[in-house]
Amino acid sequence: MPLTRAELFACFDRLGIGHTTYDHPPLHTVEDGLTYWANIPGGHAKNLFVKDKKSRLFLITLRALANLDIKHVHPVIGASGRVSFCSADQLMTYLGVLPGSVTPFGLVNDVGCAVTMVLERQLLEADPVNFHPLENTATTSVTPAGLLAFLTATGHSPLIVDLPIVAADATGATL
């Protein structure tokens, strides 16, 4: 069974990772979150759960408003060819979350360490960093060091990289 939000927080407490959680209505997309995140300090993220041609799994976490160049991310993360999105069943199997709730905290449920964690270097420049706590009805803040300690404790030493970002104008339209 996947861990609950309360069990995740108990894990943070055991590891000595400070955390603050903000409850809000369910947020399924970055766009849904923009209004609520305005009052939550730090860096906010988008999380993409993808697989390569050999079915290797990757969780890519980057700045919420950055536009990942998905067609050119595979050489940066060491994937075999272009990546595609995983199914809802794979989300539940490996991360223990539903679509709209993808989070690096879900790696606590990947006990077999089948998922490679990829973190955008620029996101880690924010302090704190914010993610859903296994459900999309809240946002939990931790320090970048706390996030890295959590990932290491789950056996997921992250790949920290500069991801290929597509330029966008002020409206978010691709240039």
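If you count the sequence shown from 1, you need to add 1088 to reach our numbering.
Glycine residues also receive a C-beta, built at the ideal position from the N, C-alpha and C atoms.
This one's a predicted model, so the numbers in the text were calculated from it and none came from an experiment.
key: Beta-carbon contacts of Leu1091 that lie in its chain and below 7 Å, excluding the five residues immediately before and after   = Gly1184, Val1196, Asn1197, Leu1222
ask   = At what residue ranges does the segment 1111-1195 contain a whole run of the beta strand (DSSP E), taking only runs of 3 or more?
value = With a minimum length of 3 residues, the continuous beta strand (DSSP E) runs that stay inside the segment 1111-1195 are 1131-1139, 1145-1151.
Assumed close pair Leu1211, Val1203 - CB separation to whole angstroms, cut-off 8 Å = Incorrect: roughly 18 Å between the Cβ atoms, too far for contact.
request  = Say whether the segment 1230-1241 touches the segment 1150-1165, bearing in mind that this needs 3 or more beta-carbon pairs closer than 8 Å, one atom from each stretch.
outcome  = The segment 1230-1241 vs the segment 1150-1165: no contact.
inquiry  = If I measure Cβ to Cβ from Phe1193 and keep anything under 8 Å in the same chain, skipping five residues before and after, which residues do I get?
reply    = Excluding residues within five positions, the ones whose Cβ falls inside 8 Å are Leu1096, Phe1219, His1220, Pro1221, Leu1222, Thr1228, Phe1238.
message = Could you tell me the alpha carbon to alpha carbon distance between Asp1140 and Gly1200, rounded to whole angstroms?
response = 18 Å
inquiry  = DSSP has Ser1229 in a bridge; who is on the other side?
reply    = In DSSP, Ser1229 forms a bridge with Thr1108, Asn1218.
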